[in-house]
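Here the protein sequences line up with chains A and B, keeping their order.
The first sequence begins at 15 in our numbering and counts up by one.
The second sequence begins at 6 in our numbering and counts up by one.
In what follows, a single structure is set out as structure tokens and then discussed.
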Amino acid sequence: MIKFVPQLVNLLATIILLLSFAMISQRRIVTLINLFMIQGAALVAASFLLGYVTDQPDLYVSGALTLVLKVIFIPWMLHRVIRKLNVRWDVETLFNIPTIMLVGIALVILSFSLSAPVSRLSETLAGGTLGIALACILLSFMMMITRSKAVPQVIGFLSMENGLIFAATTVTNGMPMIVEFGVALDVLVGVLILGVFMFQIREKFDSLDIHNLETLKDDEA
Amino acid sequence: MIALLFVLGIPLLGGAALALMGHRPYARDVNVLFSFGTFVASCVMTVQVINDGPAFVWDKQFFVDPLNVFLVTLTTFVGLTTSIFSRPYMRVEQDHGKMTPPRMRLYHSMYQLFSFTMLLGFTTNNLGIIWVAMEAATLTTVLLVSVYRTPASLEAAWKYFILCGVGIAQALFGTILVYMAADKVLGAEHATLLWTSLSDIKGQLDPTIMSLAFVFLLVGYGTKIGLVPMHSWLPDAHAEGPTPVSAVLSGLLLNVAMYAVLRCKVLTDGAVGTPIAGQLMMGFGLVSVVVAGFFLSRQKDVKRMFSYSSIEHMGLITFAFGMGGPVANFAGLLHMTVHSLVKSAIFFTVGHATQKAGTQIMSEIRGLIKVNPTVGWGLMLGVMAIVGMPPFGVFASEFLIITTAMREQPWATPFLFVGLGVAFASILARVLPMVFGDTTLKPLAHPPALVPVFVHLAMGLTLGLFIPPYLNGWYVQAAKMLGG
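So this is what it looks like as structure tokens:
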């Protein structure tokens, strides 16, 4: 069993990375939420697997937290929000998906070269995945920059959080419990606030397009 | 140390209590009362630390030493004066119809919770909890910035949330790397994020991991400090929220982020052995001073102008701590103090001025001194203090920073002079006509609370002329802890 574990973790890491790529090129909002949910599930699997192998109950708790928050609650809430806002079947116009993908590949190479000296030092089972975690963070970062609608931006934010949790799980076998709970609480409250904001933005601007939010400029102020 | 329980407990309780009754007319006074209670508790804690030295609380989860106790007192003090200022200010806003009772409830409750998150960030010994507190501070202030529900304030709050969310995610990655470095030294069972434990073993932490971690931590927390180029949320958030919020954002929240960076710098310096962390901070600081100076000269909105001035001063502080050494660290701490006091005083007067004028555009605010001489003089003196005129405290700290820079980093001084000079000229040129000249402004229904303004300015003046010996000893001790 132990023999296959590093490979299994690497497999899950690859799935998470592929899902990040799928998200940056996905234009349909409802599919985006589902992709995010699957990414969360892969993260949970990685946590449970590592928890089982290293015999650390903390990782089970961390995995359970992700399961409840990122696989069940947040996707459910986002589905509800887009239904209420009636943007469920919205398709976003994304310019030049091939270019975005190429930039994404460059980001992956960058994160591997950045984290190579550090991963070599890691003693945990899956230390080599630090590069993938960093790549997920940077890809989500890029997703937030390239998207102009509110919901995809929020999903980018959450997927960045996934990358961070994945880094914590694989590289250090999880953060101290109190920190995990604090982070989870912040994410939960943050998503709730953003959900409320989306309704308010819709009410004030008649659209969820963030391009409307560009009036605050220094010259016009 | 029971005092810490009160320092953290009172604002938390206040947040809960005001969530229930914050819309009632007397909630304004209750808000002041809770802030006053927190301030008293922090004074008691300060006295204890002065007498008994640094202390651990609750199984080392909290840690009080000369560095953070001084920032805690500053935070609770400005928190108290801002709550006093906010009483008549928010009453006028309510009369103008900008605030409704539910919004007042949200405002009061979030004000107290915001104080709680800042104090938690200062006193916790756990680097992970600092991160959690910073993110929670972002969440509470996002609600405060958007409280008017205007399109502009929603835009500012959204930008604030997204940019700081992204920024602070980098800081979490940095924290994970620090934990990884600790894991290597202490082993999986004993690995910890407690700062004091990490500080004990900082010489053994892996230099490669720690330098990579510091880059992420600096970029992450630097977003919250408002360092250029991660600063673009700051002017929007400061300009669109209620003025008491601008005062605490500028005067206090930026300090919390600065504090987090300082704690991380101590660890990185110990681990790496080269001044790489300091050099990074000097670079970011210097860029911020210069860029903010030029942006500042183009502003038309008074609150935006002063928020760029905050970016500039935080850049200067970052630069000072980046240079390191006893004098620069001392000057950095002093500058943090006087900047908090003076900048919040300026926002208080600016708040009243904009309420009278009904606009934040500077060219439409004229002749403050005729309508209300106290507000006019308050703004004038505050501006003299912030641009670094002697004998105010800002002059003293800027003088120390610049002379140290001349000796240790001579290449940087021209940039500092350009940045500070541009800011000096443009702030004075904008503010003089606002204070003097003919006026069309009308007096307000509720007399403004201006005592805080003059208390702050008097303290800023005192610190420029004479630093009381115990305070001096305290700064020196704190500067030494930063590796002076």
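Beta carbons are placed, not taken as given, at the ideal position from N, Cα and C, and that holds for glycine.
From a predicted model like this one, the values you see are computed outputs, not experimental measurements.
Can you find a C-beta in chain A that's less than 7 Å from the C-beta of residue i?
i	result
Glu369/B	no
Ala174/B	yes
Gly58/B	no
Ala493/B	Nothing about residue 493/B can be reported from this structure: the residues present for chain B run from 6 to 489 only.
Leu217/B	yes
Pro156/B	yes
Thr201/B	no
Asp188/B	yes
Met115/B	no
Ile214/B	yes
Glu317/B	no
Leu257/B	no
Phe311/B	no
For residue i, I'd like the list of residues in its chain whose CB is within less than 8 Å of its CB, leaving aside the five on either flank, ordered along the chain.
i	result
Arg216/A	Leu99, Leu222
Leu121/A	Ala149, Leu152, Leu153, Met156
I need the boundaries of the beta strand (DSSP E) containing residue i, first residue and last residue.
i	result
Ala60/B	60 to 62
Val69/B	67 to 69
Check the Cβ-Cβ distances between residue i and every residue of chain B, and say whether any is below 7 Å.
i	result
Val7/A	Not covered by the structure: residue 7/A. The range shown for chain A is 15 to 235.
Ala235/A	Unreliable positioning characterises Ala235/A in this predicted model, as indicated by a pLDDT of 39, which lies under 50. A coordinate reading is not provided.
Val19/A	no
Ala181/A	yes
Thr160/A	no
Leu64/A	no
Phe171/A	yes
Pro190/A	yes
Leu46/A	no
Leu32/A	no
Leu227/A	yes
Among residues of its own chain, excluding the 5 on either side of residue i, which ones have a beta-carbon nearer than 7 Å to its beta-carbon?
i	result
Leu81/A	Val58
Ala282/B	Phe219, Lys270, Thr273, Asp274
Gln175/B	Phe221, Val224, Gly225
Trp479/B	Pro71, Phe75
Gly77/A	Val58, Ser61, Phe62, Gly65
Ile111/A	Ser39
Phe178/B	Phe221
His150/B	The amino acid occupying residue 150/B in the given sequence is Val; His does not appear at that position. Hits under 7 Å: Ser158, Ala161, Ala162, Tyr165, Ala242, Glu245, Gly246, Val250.
Assuming residue i and residue j are in contact, meaning their beta carbons sit under 8 Å apart, how far apart are those beta carbons, in whole angstroms?
i	j	result
Lys361/B	Lys308/B	In fact, because the Cβ distance is near 14 Å, the residues do not count as touching under 8 Å.
Ala8/B	Gln53/B	6 Å
Phe311/B	Gly227/B	Incorrect: roughly 20 Å between the Cβ atoms, too far for contact.
Leu5/B	Ala358/B	Chain B is shown from 6 up to 489; residue 5/B falls before or after that span and cannot be answered.
Ile173/B	Thr143/B	7 Å
Leu63/A	Val23/A	6 Å
Need the endpoints of the alpha helix (DSSP H) that residue i sits in, please.
i	result
Arg221/B	The sequence as given places Phe at residue 221/B; Arg does not occur at that position. 212 to 230 is the extent of the alpha helix (DSSP H) around Phe221/B.
Met389/B	378 to 391
His113/B	106 to 128
Arg97/A	88 to 99
Lys218/A	191 to 219
Trp200/B	200 to 205
Glu2/B	As displayed, chain B neither begins before 6 nor continues past 489, which places residue 2/B out of reach and without an answer.
Pro438/B	418 to 440
Pro71/A	71 to 80
Thr180/B	156 to 191
Ser40/B	32 to 57
Thr354/B	330 to 362
Gly54/A	43 to 68
Pro20/A	19 to 39
Tell me which residues share the same chain as residue i and place their Cβ nearer than 6 Å to its Cβ, disregarding the 5 neighbours each side in the sequence.
i	result
Val355/B	Val307
Ser47/B	Val12, Val77, Thr78, Thr81
Leu482/B	The sequence shown places Gln at residue 482/B, not Leu. So the list reads Pro71, once near-sequence residues are dropped.
Val458/B	Ala350, Phe353, Thr354, Gly383
Phe397/B	Ala390, Gly465, Leu466, Gly469
Val261/B	Met123, Gly126
Tyr153/B	Lys103
| task | Residues of the stretch 192 to 221 of chain A with a CB closer than 8 Å to any CB of chain E: list them in chain order, please. | result | The chain inventory of the structure shown lacks chain E, comprising the protein chains A and B.
| Would you call the stretch 168 to 178 of chain A and the stretch 31 to 51 of chain A touching, i.e. three or more CB-CB distances under 8 Å? | yes
| task | Examine the Cβ distances between the stretch 103 to 123 of chain B and the stretch 180 to 199 of chain A and report whether three or more of them are shorter than 8 Å. | result | no
| request: Specify whether the stretch 108 to 119 of chain B and the stretch 12 to 22 of chain B touch according to this definition: at least 3 beta carbon pairs, one from each stretch, less than 8 Å apart. | output: Enough Cβ pairs lie closer than 8 Å, so yes.
| task | Say whether the stretch 370 to 381 of chain B touches the stretch 326 to 339 of chain B, bearing in mind that this needs 3 or more beta-carbon pairs closer than 8 Å, one atom from each stretch. | result | no
| task | Determine contact between the stretch 200 to 208 of chain B and the stretch 153 to 161 of chain B, defined as no fewer than three beta-carbon pairs at a distance below 8 Å. | result | no
| Inter-stretch contact at 8 Å, needing at least 3 Cβ pairs: the stretch 423 to 436 of chain B / the stretch 295 to 304 of chain B | The stretch 423 to 436 of chain B vs the stretch 295 to 304 of chain B: in contact.
| message | Three Cβ pairs or more, each shorter than 8 Å: is that satisfied between the stretch 80 to 100 of chain B and the stretch 35 to 49 of chain B? | response | yes
| query | At a cut of 8 Å, does the stretch 193 to 202 of chain A reach the stretch 185 to 193 of chain B through at least three beta carbon pairs? | reply | no
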